[in-house]
Amino acid sequence: MYRIGELAKACKVKADTLRFYEKSGLITPSIRNESGYRLYGEQDRRRLEFIIRAKSVGFSLAEIGELLDLDTHKAEVTCQEVKAVADAKLAQVEEKIAELMRFRRNLRELSEICCGEPRSAEHCAILEVLESGAPGQHEHHAHD
1 MYRIGELAKA CKVKADTLRF YEKSGLITPS IRNESGYRLY GEQDRRRLEF
51 IIRAKSVGFS LAEIGELLDL DTHKAEVTCQ EVKAVADAKL AQVEEKIAEL
101 MRFRRNLREL SEICCGEPRS AEHCAILEVL ESGAPGQHEH HAHD
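Numbering (UniProt numbering), first residue to last: 1 to 144.
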């Protein structure tokens, strides 16, 4: 049996992280001893490792909870159901990547329209575009 600090150390997480997962309902200590200490067994260690691995590939705590439920009832669920959870996360990640690529493109455009001189920003093209609300419809103003 592991005490909370021992299990956290064995899985290379902080005890506070383990407590947070417990409060989130993802893991429950096997027992509490007479002194009230949480005691975790090997099954709890495997569950924590599952949580850590799922988190490392981007699953949210809610999604991890869903995966843990599927894992607990794997005899009654199909691979198709498990794959659907992974595919939904993949679609979210791809959407986020596309959004980040748009951000990068727009920021690059903003950076390119600015002269970058160490002068007053009264006619800064970046600020003018952001004030006008019309990205892509800007004129480059050279400083006098």
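Even for Gly, the Cβ is constructed at its ideal location relative to N, Cα and C.
How far does the alpha helix (DSSP H) with residue i in it reach, from first residue to last?
i: leucine 48; result: 42 to 56
i: arginine 104; result: 79 to 113
i: serine 120; result: Serine 120 -> no alpha helix (DSSP H), and no H or E assigned at all.
i: alanine 125; result: 125 to 132
i: glycine 65; result: 61 to 72
i: glycine 25; result: No alpha helix (DSSP H) holds glycine 25; DSSP gives it neither H nor E.
i: glycine 5; result: 4 to 10
Here's the rule: buried if 16 or more other CB atoms are within 10 angstroms of the residue's CB, otherwise exposed. What is residue i?
i: arginine 105; result: exposed
i: alanine 125; result: buried
i: proline 29; result: buried
i: tyrosine 37; result: exposed
i: alanine 75; result: exposed
i: alanine 86; result: exposed
i: isoleucine 51; result: buried
i: residue 156; result: For residue 156 there is no data in the structure shown, the boundaries of the chain being 1 and 144.
i: leucine 7; result: buried
So which of the options has the shortest CA-CA distance to residue i?
i: serine 24; options: Lys9, Leu48, Lys12; result: Leu48
i: glutamate 66; options: Gly116, Thr17, Lys89, Ser120; result: Lys89
i: glycine 5; options: Ser35, Tyr40, Ile31; result: Tyr40
i: tyrosine 21; options: Leu61, Leu110, Pro118, Arg3; result: Leu61
i: phenylalanine 59; options: Glu34, Gln92, Thr72, Asn33; result: Gln92
Does any CB atom of chain D fall closer than 8 Å to the CB of residue i?
i: asparagine 106; result: The chain inventory of the structure shown lacks chain D, comprising one protein chain alone.
Please look up how many angstroms separate the CB atoms of residue i and residue j, rounded, as I've assumed it's under 8 Å.
i: tyrosine 2; j: alanine 10; result: 7 Å
i: leucine 100; j: valine 129; result: Not confirmed; about 20 Å, so no contact.
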